[in-house]
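Novice: Here's a structure for you.
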Amino acid sequence: MAEDWHSRWEQGRIGWHEAAGNAALRKYWSALPGKSRVLVPLCGKTLDLLWLEERSLVVTGVELSPIAARSFFDENELTFSVCELGEMTIYSGNERNIRICCGDYFRFAAERFDALYDRGALVAMPPVLREKYARHTDSLLKPGASRLVVTLEYEQSVVAGPPYSVKTDEIQQLWPGLRRVSEKDDLANCPPKFREAGLTEILEVVWITP
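For the sequence shown, my numbering begins at 1 and goes up steadily by one.
Below is the structure:
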């Protein structure tokens, strides 16, 4: 899995990236006290990191590819510093409360976070890794942490992920406390392979803590 994701970034095959950020985040994110710590797993170079930080939050993304981390800071004209911490390489913004920790998410450890924003992590996990991902994520969050999770639903038999289809029953098994608050057809924002395979609809589904 790691080799495939490195290859995607090296070749620029990042069809899941939303250049303008995610609209559902802006609509459904719950206000948090200033300096609350937010975890964004498999963050890529999303502008959502900036949007969250602009709400006086302290944002930590975790990402496998150093290309993605450097691209985030370079494309947003932000200076950054780099240091090694255990098995992770940490890219920290000099002007903004944003850091991207590069390495294996399953080896990432930190002081527990107040909130989770997951738009591209769960849907990047093949079925065999989703339970492991959910439990590791739980270990990184404070009890009662705020969560916003974005998933996709489509006919998986037509085209293979990633990003994968994650249906309601699986979400409710992994995180029983989440509430489904919206769904919309998001085919236009998905990688071209989905349209090329003949899919006519992909639902983007938003889940939040009550």
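The beta-carbon is built from N, C-alpha and C at its ideal position, and this holds for glycine as well.
By Cβ distance below 7 Å, which residues in the same chain neighbour Thr-137 in space, the five residues on each side in sequence not counted?
Specialist: Pro-41, Leu-116
Novice: Spatial neighbours of Asn-22 within its chain, please: CB distance less than 7 Å, with the 5 preceding and 5 following residues excluded, ordered by chain position.
Specialist: Taking Asn-22 as the centre and dropping the five residues before and after it, the same chain places the C-beta of Asp-48, Arg-119, Val-150 closer than 7 Å to its C-beta, in chain order.
Novice: In the DSSP assignment, what are the bridge partners of Tyr-117?
Specialist: Tyr-117 is bridged to Leu-148.
Novice: Taking Arg-195 as the reference, give the member of Gly-161, Ser-182, Arg-180 with the closest Cα.
Specialist: Gly-161
Novice: By the 10 Å Cβ neighbour count, where 16 or more other Cβ atoms means buried, how is Asp-169 classified, buried or exposed?
Specialist: Under this definition Asp-169 is an exposed residue.
Novice: Could you pull the start and end residues of the alpha helix (DSSP H) that Phe-194 belongs to?
Specialist: 192-196
Novice: Is Leu-122 near Arg-130, with beta carbons less than 8 Å apart?
Specialist: yes
Novice: For Ser-146, collect the residues of the same chain with a Cβ closer than 6 Å to its Cβ; drop the 5 residues on either side in sequence, then sort them by chain order.
Specialist: Ser-30, Ala-115, Thr-209
Novice: Where Cys-83 and Gly-93 are concerned, what is the direct C-alpha to C-alpha distance, given to the nearest angstrom?
Specialist: Using only the alpha carbons, I get a separation of about 12 Å.
Novice: With a threshold of 16 other CB atoms inside 10 Å of the CB of Glu-63, please say whether the residue is buried or exposed.
Specialist: buried
Novice: Only counting the same chain, and skipping five residues up and downstream in sequence, which positions put a Cβ closer than 8 Å to that of Leu-32?
Specialist: Val-38, Arg-55, Leu-57, Asp-114, Ala-115, Ser-146
Novice: Just to confirm before moving on: does the CB-CB distance between Asn-189 and Glu-18 stay below 8 Å?
Specialist: A distance below 8 Å separates the beta carbons of Asn-189 and Glu-18.
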